[in-house]
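Beneath this line is the structure, given in C-alpha cells, with notes to follow.
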Amino acid sequence: MKTVDLRSDTVTKPTPEMRKAMYEAEVGDDVMREDPTVRRLEEMAAERMGKEDAMLVPSGTMGNLSSLLTHCGRGDEVILGDKAHIFNHEQKGASALGGVVYNPIPNQPDGTLRLEDIEDAIQPDDIHVARSRLLALENTQNFCGGVVLTPKYIRAASNVAKSHGLSVHMDGARIFNAAVALGIEPSELAAPVDSVMFCISKGLAAPIGSLVVGTKAFIEEARRIRKVLGGGMRQAGVIAAAGIVALNTMVDRLAEDHRRARALAEGIDAIPGLEVDLKTVQTNIVVFRLTKPGLTPDRLVRMLAEKGVLLFAIGKDTLRAVTHYEISDEDIDYALSVFRELMAD
Ligand SMILES: Cc1ncc(COP(=O)(O)O)c(C=O)c1O
2 MKTVDLRSDT VTKPTPEMRK AMYEAEVGDD VMREDPTVRR LEEMAAERMG KEDAMLVPSG
62 TMGNLSSLLT HCGRGDEVIL GDKAHIFNHE QKGASALGGV VYNPIPNQPD GTLRLEDIED
122 AIQPDDIHVA RSRLLALENT QNFCGGVVLT PKYIRAASNV AKSHGLSVHM DGARIFNAAV
182 ALGIEPSELA APVDSVMFCI SKGLAAPIGS LVVGTKAFIE EARRIRKVLG GGMRQAGVIA
242 AAGIVALNTM VDRLAEDHRR ARALAEGIDA IPGLEVDLKT VQTNIVVFRL TKPGLTPDRL
302 VRMLAEKGVL LFAIGKDTLR AVTHYEISDE DIDYALSVFR ELMAD
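If you count the sequence shown from 1, you need to add 1 to reach the numbering used here.
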C-alpha cells in the first residue's frame, strides 16, 4: 500500500549526499572542541543567522532548554505564547529543571503575541513578584499552522521586551521555512533577538540536530548548560556533516513544500466537513478543522491511516498535516483522493 506520511517534517530521512558526508566526516572530541566538522557547522550557523557564535545540540528541545536556562535563573520569568512549543510540548523543562517560571499569553491566529499583552505581562520591579527576564517567540508558529512572524513584528515585540530590560529568544525550529516564505535571509529574522534555536532535523532533512546562536558570551555559558543536560557529544561531526549538507542543499527547495502544503490546504478546504483558514497556510504546515457531525479527529486519523495517509489530530476538532521533501505532487493528489472518499461516506 502507498504511504503518504504527513505527520511531521521530522520523518524525513537523510539524503544520499548526507549519508556520504556522514561516512566521510572528519571527526574529533567535540567536548574538547576538537571536532572540525562540528566547528564548521557552528560557524555556518552563526553566519547564516548573523550572530557571533553557535552551538550544536541533539534536539530542538535541548536547544530551547539550554537557551532558557542561559537567559534565566531560578525564579525568573519567561513570557511566551500559549500555543508555543516550548510551553506545551517540552515538559516545561526550564521550570522542572531550572526553576524558571512560565507566563503564557495568547497567541493570535496569525502567530503573534499582541504588543499590549507583552507589555502587560512584564512584571514591575517589585519584591512580591517574579522577575520578568525573557520573551520567547516562535517562528514559524507550529500550532497556529506554520504561520510566519515578519521582521517588522519581531522588531516591535523585541523593542517592547528590551525597553523593560528583557532578553528575547526565538524558537526558530523552522526559521528557514519562514525566511523562504518571506524571500529574505534568516539573519533578518534573527537580528532583533538575542538567541535563536533552529533545527536541521525537520524540513532540512538532517537526521539529528539543532543549533543555538547568539553572542560569544551567551554561547559559552550555554555550552556549560548543554554539558550538565548531558548534551556534550564526542565525535558529533558525524551528525554535523549531514547538517552542513542540509544548510547547503535543502533550504531553497522548502518553497516546494510550501507550494504542496497550499495545494493540500485548498483541496481539503473544498471538501464538505473540512475547513482550512487558508490565510494561515504560509509554509509547510496545514492545520484544519473537522466539522462533520459524529466524526472525531482521532477516528478520521485511523481511517486515513488504513489507506496509508498518516497525520496527527492536534485538538478536539483539529488536525495537522506537514509537507516535506519526501512528499511529491502525486502524494498530495493521493491524500486528497482519500480525504474525498472518506468524507463522502
Ligand atoms: C516549533 C518547535 N520547536 C521545538 C521543537 C522541538 O524539537 P525536537 O523535536 O528536535 O526536540 C519542535 C519539534 O517539532 C517544534 O515544532
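Think of the CB as a built atom: it goes at the ideal place given N, C-alpha and C, for glycine as much as any other residue.
State the start and end residues of the unbroken alpha helix (DSSP H) segment that holds residue 59. From DSSP, residue 59 is part of no alpha helix (DSSP H); its letter is neither H nor E.
Contiguous alpha helix (DSSP H) assignments of at least 4 residues, all confined to the segment 119-196: 152-164, 176-183 and 187-191
Any heavy atom of ligand 1 closer than 8 Å to the Cβ of residue 198? yes
Same chain only: Cβ atoms within 6 Å of residue 264, ignoring 5 sequence neighbours per side: 333
Rounding to the nearest angstrom, what Cα-Cα distance links residue 108 and residue 24 in this structure? 43 Å
Do residue 325 and residue 13 count as a contact pair if the criterion is CB distance below 9 Å? yes
Candidates 91, 21, 113 and 162: closest to residue 133 by CA position: 162
With which residues is residue 80 paired in a DSSP beta bridge? 104 and 136
From 93, 307, 283 and 130, pick the residue whose C-alpha is nearest to that of residue 255; which is it? 283
Which value, in whole angstroms, describes the spacing of the CA atoms of residue 95 and residue 171? 15 Å
Taking the C-alpha atoms as reference points, what is the distance between residue 82 and residue 136? 9 Å
With a threshold of 6 Å on Cβ separation, who are the neighbours of residue 287 within its own chain once the five nearest residues in sequence on each side are excluded? 262, 265, 266 and 322
Which residues bound the alpha helix (DSSP H) around residue 255? 255-270
If we ignore side chains and look at the alpha-carbon of each, how far apart do residue 250 and residue 194 end up? 26 Å
Quick one: does the C-beta of residue 56 sit closer than 8 Å to a heavy atom of ligand 2? For the structure depicted, ligand 2 is absent and the ligand set comprises only ligand 1.
Distance CB(residue 19)-CB(residue 247) smaller than 9 Å: yes
Do you know how far the Cα of residue 201 is from the Cα of residue 56? 13 Å
C-alpha distance - residue 73 paired with residue 244, whole-angstrom precision: 29 Å
Quick test of the definition: if touching needs 3 or more C-beta pairs under 8 Å, does the segment 135-152 touch the segment 111-119? yes
From the DSSP output, read off the bridge partner residues of residue 200. 211
Inter-stretch contact at 8 Å, needing at least 3 Cβ pairs: the segment 208-216 / the segment 51-65: yes
Please report how far the alpha carbon of residue 306 lies from the alpha carbon of residue 71, in whole angstroms. 42 Å
Counting pairs of Cβ atoms below 8 Å between the segment 22-40 and the segment 177-186, do you hit three or more? no
Outcome for residue 2 when other beta-carbon atoms lying within 10 angstroms are tallied against a minimum of 16: exposed
Have a look at the DSSP bridge pairing and note the partners of residue 6. 311
Distance between residue 268 and residue 91 (C-alpha atoms, nearest Å): 32 Å
Within 10 angstroms of the Cβ of residue 166, are there 16 or more other Cβ atoms? Answer buried if so, exposed if not. exposed
Helix, strand or coil, according to DSSP, for residue 53 in the structure here? coil
Three CB pairs or more closer than 8 Å across the segment 224-235 and the segment 32-41: yes
Measure the C-alpha to C-alpha separation of residue 304 and residue 139 and round it to an integer number of angstroms. 32 Å
Give me the residue from 192, 58 and 152 with the minimum Cα distance to residue 241. 58
On the three-state DSSP scale, how would you describe residue 242? helix
Comparing C-alpha positions only, which one of 315, 257, 342 and 27 sits nearest to residue 143? 315
Counting only the same chain and skipping the five closest in sequence on each side, list residues whose C-beta sits under 8 Å from that of residue 211. 57, 58, 59, 60, 61, 63, 64, 174, 198, 199, 200, 201 and 202
Inter-residue spacing [alpha-carbon to alpha-carbon] between residue 291 and residue 222: 46 Å
Which same chain residues, not among the five before or five after residue 276, have their C-beta less than 7 Å away from its C-beta? 270, 289, 290 and 292
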